[in-house]
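A.B. asks: Using this note's numbering, read the sequence shown as starting at 7 and increasing by one per residue.
Take a look at this one; I'll ask things after.
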Amino acid sequence: MADIDLQAVHNTLVAVAFEAGRMILAANPNKISTDTKLNAVDIVTETDQAVERMVLARLRAAQPTFAFVGEESYQPGVTRVTDAPTFIVDPIDGTTNFVHGFPNACISLGVAVGRVPVVGVVYNPFQDLLFTGVKGGGAWMQRNASLEVGKGQGERVRLPLAGTPAPALGGLSSALVSIEWGSQREGENFEVKARTFRKLAAAKEGGGGMIGGMRSLGSAALNLCACAAGQLDMYWEGGCYAWDVAAGWCILTEAGGRMVSGNPGEWETTVDSRVYLAVRGASSGQEELVKEFWDIIGDGRMDYKH
Ligand code: LIP
């Protein structure tokens, strides 16, 4: 990795993210063609595909030796994240939000080396909101990021927003946690989620977690960025892919957060494990909160194919 200029790669990704953002904003979700993949809620639009084609062309030109893993060009059972320097790209994360015009969608551009995310750029064009992270260089958030006409560019603010050391974490009953149903709606993975959501919400007297609040932003990348910012305490999901999490993972860890497995007991996880639990940066309480969450999952285990 010593010979890769991560800051230069980051700068390329930011420029590509703004170009993608303009394409996403120019698309009218009511008029574009939409298709489904796994099932009726696993949506892909012509804009996802057009953005990925543009991103691939730009990144190939900028770093021809890097591998490329993208949501729309992924081939089940064939595409793998290897140890090689790899761009890991989701052209539109939050596609369901995008087709509804709900302003919670982004482009997610990550780079992994040795399967570890080392650069992350997440850009929500609807809010002109940019999150970035470079290994060893911290994580940052910027509003009015693309310098739209008539708007001043926002200040780059270091994450977490509360500063470092970030406030201590308490237990689940004071935590704001994001969860997602994902697109698989049957089988044991679905049952584990449904049981866990119920138990998280239930009162302590009934053996539950009495969780402070649950949210679903509809985008893994934006969930991770909100954890990095300290706006969410945790994020738990099974079923999403490396391209949903690679960029946000780097941003989260650079903000002092931690990514562990979404299955109990596994403190280390990989970018393509498809089961993730993120916890925000904090002066104390990270491990305790993770263990409390895992206790709620209990014997449940999620297992997704690659
Ligand atoms: C989405 C993920 C989200 C998950 C959705 C979907 P997409 O990615 O970011 O976390 O719950 O099912 O996979 O399809 O919008 O790129």
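For glycine and all other residues, C-beta sits at the position ideal for the given N, C-alpha and C.
With distance defined between alpha-carbon atoms, name the residue in 103, 311, 68 nearest to residue 93.
C.D. replies: Nearest of 103, 311, 68 to residue 93, Cα basis: 68.
A.B. asks: For residue 112, report the span of its alpha helix (DSSP H) as first-last.
C.D. replies: Segment 112-119 is the beta strand (DSSP E) holding residue 112; no alpha helix (DSSP H) there.
A.B. asks: Can you list, in chain order, the residues of its chain with a C-beta nearer than 8 Å to that of residue 101? Leave out the 5 residues immediately preceding and following it.
C.D. replies: 49, 50, 51, 54, 111
A.B. asks: Let me check you understand the geometry: is the CB of residue 250 closer than 8 Å to at least one non-hydrogen atom of ligand 1?
C.D. replies: Yes, the beta carbon of residue 250 sits closer than 8 Å to at least one heavy atom of ligand 1.
A.B. asks: With contact counted as at least three CB pairs below 8 Å, one residue from each stretch, are the segment 232-249 and the segment 263-283 in contact?
C.D. replies: Touching, per the Cβ criterion.
A.B. asks: Just checking residue 233 against ligand 1 - is the residue's beta carbon closer than 8 Å to any of the ligand's heavy atoms?
C.D. replies: no
A.B. asks: Measuring only the C-alpha atoms, how far is residue 134 from residue 193?
C.D. replies: If you draw a straight line from the Cα of residue 134 to the Cα of residue 193, it is about 38 Å long.
A.B. asks: Taking 8 Å as the cut-off, is the CB of residue 77 close to at least one heavy atom of ligand 1?
C.D. replies: yes
A.B. asks: Could you tell me the distance, in whole angstroms, from the CA atom of residue 220 to the CA atom of residue 14?
C.D. replies: 37 Å
A.B. asks: Which residues in the same chain as residue 152 place their Cβ atom closer than 6 Å to its Cβ, once the five residues preceding and following it in sequence are excluded?
C.D. replies: 24, 134
A.B. asks: Measure the Cβ-Cβ separation of residue 273 and residue 80 and say whether it is below 9 Å.
C.D. replies: no
A.B. asks: Residue 291 and residue 174 look like a contact to me (Cβ under 8 Å); what is the Cβ gap, rounded to whole Å?
C.D. replies: 5 Å
A.B. asks: Considering only C-alpha positions, which residue in the set 238, 203, 252, 204 is nearest to residue 227?
C.D. replies: 252
A.B. asks: Determine the DSSP secondary structure at residue 94, reduced to helix, strand or coil.
C.D. replies: strand
A.B. asks: Closer than 8 Å: is that where the CB of residue 47 sits relative to any heavy atom of ligand 1?
C.D. replies: Relative to ligand 1, the beta carbon of residue 47 is positioned inside 8 Å of a heavy atom.
A.B. asks: Could you check if residue 356 is buried or exposed, using at least 16 other CB atoms within 10 Å of its CB as the buried criterion?
C.D. replies: With the chain covering 7 to 312 only, the question about residue 356 has no answer from this structure.
A.B. asks: For residue 106, count neighbouring Cβ atoms within 10 angstroms of its own Cβ and tell me buried if that reaches 16, exposed if not.
C.D. replies: With fewer than 16 neighbouring CB atoms inside 10 Å of its own CB, residue 106 falls in the exposed class.
A.B. asks: Checking contacts by CB at 9 Å: is residue 147 closer than that to chain D?
C.D. replies: Reference to chain D is not applicable here, since this structure consists of a single protein chain.
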